[in-house]
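Read through the structure below, which is laid out as structure tokens, and then see the notes.
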Amino acid sequence: MMKQKRKSLKKTLEPYCWLLPAFLLFIPFTFMPFLQTIYKSFFIVDSMGTLKRFVGFENYLYILKDETFVKAVVNTLVYVVLTVPVSKILGMLLALLANRRRKTSFIYETSFALPMAMAVSVTAMIFQLLYVPSLGFINGVTGLKINWLTDPKYAMIAIAVIQIWLSTGYAFIFMLAAVRSVPRDIIESASIDGAGPVRQLLQIYLPLTTPTMFYLIITDLSYSMMMMSLVSVLTDGGPKNSTITIMYYIFKQIAAAGNYTNANPAAIIAFIMTLTATLLGFLWEKKGVHYS
Numbered sequence: 056m057m058k059q060k061r062k063s064l065k066k067t068l069e070p071y072c073w074l075l076p077a078f079l080l081f082i083p084f085t086f087m088p089f090l091q092t093i094y095k096s097f098f099i100v101d102s103m104g105t106l107k108r109f110v111g112f113e114n115y116l117y118i119l120k121d122e123t124f125v126k127a128v129v130n131t132l133v134y135v136v137l138t139v140p141v142s143k144i145l146g147m148l149l150a151l152l153a154n155r156r157r158k159t160s161f162i163y164e165t166s167f168a169l170p171m172a173m174a175v176s177v178t179a180m181i182f183q184l185l186y187v188p189s190l191g192f193i194n195g196v197t198g199l200k201i202n203w204l205t206d207p208k209y210a211m212i213a214i215a216v217i218q219i220w221l222s223t224g225y226a227f228i229f230m231l232a233a234v235r236s237v238p239r240d241i242i243e244s245a246s247i248d249g250a251g252p253v254r255q256l257l258q259i260y261l262p263l264t265t266p267t268m269f270y271l272i273i274t275d276l277s278y279s280m281m282m283m284s285l286v287s288v289l290t291d292g293g294p295k296n297s298t299i300t301i302m303y304y305i306f307k308q309i310a311a312a313g314n315y316t317n318a319n320p321a322a323i324i325a326f327i328m329t330l331t332a333t334l335l336g337f338l339w340e341k342k343g344v345h346y347s
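Quick note on the working numbering: the sequence shown kicks off at 56 and runs consecutively.
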């Protein structure tokens, strides 16, 4: 009886022992700074990070009335809506196109996956040249006369397009593996029963690849909510704050003004938004993700 209890206890503790090294790193470098940020968000803080006066939730109320911060929240949500679904749909479609193995498969597989190997800063500079109104490739080919990065109506769309291009390659790699893992006998049976490509996609490929799709959506949600690199390189949050995101708002508050009083509660609100989006994703997992 005692041996069984020891074995049971060992089985229970074993996963936590494997996680212990990660927790030893997370506690001082992630969890503690996060808890400190929560604590400091209730104080007036000077530019040196020194706590001056406890004000409770006044800091939160103040930034929620700040038009720039509200604009950053709206821009972030728009950016997430524009980038996350489109990149996953494109990744799925490219995976279906590359599903059948051929002698030349490695050529287009590499081409589809290439964006994930590109640095964000390099990609941003390439697209900046493509977006040049007078000499840029996009306006030149389409005949449009749009100032992509300086017009408030189009700037966020222009940045979203870059992120979609970057994310699609990553989604393609995972979705290709998921699509190729679908049993061939199921597809052949469906074909014999008269199921066309669209029906196979909706009733076979999509349900059987939902675990991979779920993983991609959840990870990309978190990444997109925290985006600031493209904005920093291309637009500096402009024009007229049309591309400022929550993370870039926090960065500007700290780097430009040393304003930790606004930056700390903004960071906590960004965390709450990201956590909420993730939890909503896990609610979808219970109903929409098929593991068998």
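Just so you know, even glycine gets a beta-carbon here, dropped at the ideal spot from N, CA and C. Note that this is a predicted model, so its numbers are computed, not measured.
Contacts around P320, its chain only, beta-carbon distance under 7 Å, and the 5 residues preceding and following it disregarded: S96, N114, Y115, I118
Straight-line CA distance for V234 to Y260? 7 Å
For W203, is the classification buried or exposed, using 16 other Cβ atoms within 10 angstroms of its Cβ as the cut-off for buried? buried
Rounded to a whole number of angstroms, what is the C-alpha to C-alpha distance between Y315 and L169? 39 Å
If we require 4 or more residues per run, which alpha helix (DSSP H) segments fall completely within the stretch 111-175? 113-119, 122-152, 160-168
When you compare each of V135, E243, M180, Y278 to V288 by their alpha carbons, which one comes out closest? M180
First and last residue of the uninterrupted beta strand (DSSP E) at K107: 106-109
Whose C-alpha, out of F109, F84, F98, K143, is nearest the C-alpha of I228? K143
Just to confirm the assignment, what range does the beta strand (DSSP E) spanning V100 have? 98-100
If distances are taken between C-alpha atoms only, which option among N130, I219, V110, R155 comes closest to T300? N130
Under a Cβ-count criterion, where at least 16 other Cβ atoms within 10 Å of its own Cβ denotes burial, should I162 be classed as buried or exposed? exposed
Please list the terminal residues of the continuous alpha helix (DSSP H) segment that includes P88. 87-95
Count the other C-beta atoms from every protein chain shown that fall within 10 angstroms of the C-beta of F182, then say buried if there are 16 or more, exposed otherwise. buried
Among residues of its own chain, excluding the 5 on either side of Y186, which ones have a beta-carbon nearer than 7 Å to its beta-carbon? I193, W203, L204, A213
Go ahead and label K158 buried or exposed: buried means 16 or more other beta carbons lie within 10 angstroms of its beta carbon, across all protein chains shown. exposed
Just mark M87 as buried or exposed, buried being the case when its beta carbon has 16 or more other beta carbons within 10 Å. exposed
contact_flag[the stretch 293-312, the stretch 215-228] where n(CB pairs < 8 Å) is 3 or more: no
Between L231 and A150, which are expected to be in contact by the criterion C-beta below 8 Å, what is the C-beta distance as a whole number of angstroms? 4 Å
What are the boundary residues of the alpha helix (DSSP H) that F192 is part of? 192-197
Neighbourhood of G146 by C-beta, 6 Å cutoff - its chain only, sequence neighbours within 5 removed: T223, A226, F227, M230
Beta-carbon proximity list for I305, same chain, < 6 Å, skipping 5 on both sides: A318, A321, A322
Starting from K208, follow the alpha helix (DSSP H) in both directions and report where the run begins and ends. Where K208 is concerned, there is no enclosing alpha helix (DSSP H), given that its DSSP letter is neither H nor E.
Distance CB(S279)-CB(V139) smaller than 8 Å: yes
Within a Cβ cutoff of 8 Å, which residues of the same chain sit near F89, ignoring the five residues on either side of it in sequence? F326
Restricting to Cα atoms, I'd like to know which of G313, K341, T329, H345 is closest to S102. G313
Pick helix, strand or coil for D291, following the three-state DSSP scheme. coil
Would you identify the three-state DSSP class for N296, choosing helix, strand or coil? coil
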